[in-house]
Amino acid sequence: MKILLTSVIVRDPIAAFRFYTEVLGFQKKLFIPEANLAIVVSPEDPDGTGLLLEPNEHPLAKTFQEGIYNLNLPLIVFGVKDIHKEYERLKNLGVVFRKEPAKSEAGIETIFEDTCGNLIQIYQLN
Numbered sequence: 001m002k003i004l005l006t007s008v009i010v011r012d013p014i015a016a017f018r019f020y021t022e023v024l025g026f027q028k029k030l031f032i033p034e035a036n037l038a039i040v041v042s043p044e045d046p047d048g049t050g051l052l053l054e055p056n057e058h059p060l061a062k063t064f065q066e067g068i069y070n071l072n073l074p075l076i077v078f079g080v081k082d083i084h085k086e087y088e089r090l091k092n093l094g095v096v097f098r099k100e101p102a103k104s105e106a107g108i109e110t111i112f113e114d115t116c117g118n119l120i121q122i123y124q125l126n
């Protein structure tokens, strides 16, 4: 068994699609704007796990999203090969980081805002 699709709750799937593709560099897997349906994949593994940019229309989804954001918890973690290079690239594109890359037990990590109501962690393993 493997993970085929996972989701990230977002305020606006169309705006999220632009951010996740144009800024973060993910590729379109499926995009039907009139249905608020957007799925992106990593360019490093286009046949791998899809990421559904799911609207927070349900009150429970909105409460969950706001709750973990207010606790400064990332909603999802993305792996990178060179965190310092990725940090500079994203920062130059206007991405707002909560902290600079810092060492942890298993690697280096940082957290940024995805403009869609979430905190995202990027991680470079040792």
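Position 19 of the sequence shown, counting from 1, maps to 19 under the UniProt record's numbering, and the rest follow consecutively.
C-beta atoms are modelled at their ideal positions from N, C-alpha and C, and glycine is treated no differently.
Bear in mind that the values here come from a model prediction, so they are computed numbers and not experimental data.
Looking at C-alpha atoms only, which residue of 88, 60, 37, 102 is the closest neighbour of residue 12?
-> 37
Which one of 30, 23, 25, 87 has the shortest CA to CA distance from residue 5?
-> 30
From 74, 109, 98, 58, residue whose alpha carbon lies closest to that of residue 82 | Per the Cα distances, 109.
Residue 113 versus residue 34 - alpha carbon distance = 26 Å
Of the residues 99, 15, 22, the one placed nearest residue 55, counting alpha carbons only | 15
Rounded to the nearest angstrom, how far is the Cβ of residue 43 from that of residue 25, given a contact under 8 Å?
-> Correct: roughly 6 Å between the Cβ atoms.
In three-state DSSP terms, what is residue 115?
-> coil
Where residue 31 falls: helix, strand or coil (DSSP) | Strand.
When the Cα atoms are used, what is the spatial distance from residue 90 to residue 106?
-> In a straight line, the C-alpha of residue 90 is about 22 Å away from that of residue 106.
Environment of residue 93 [buried if 16+ CB atoms lie within 10 Å] | exposed
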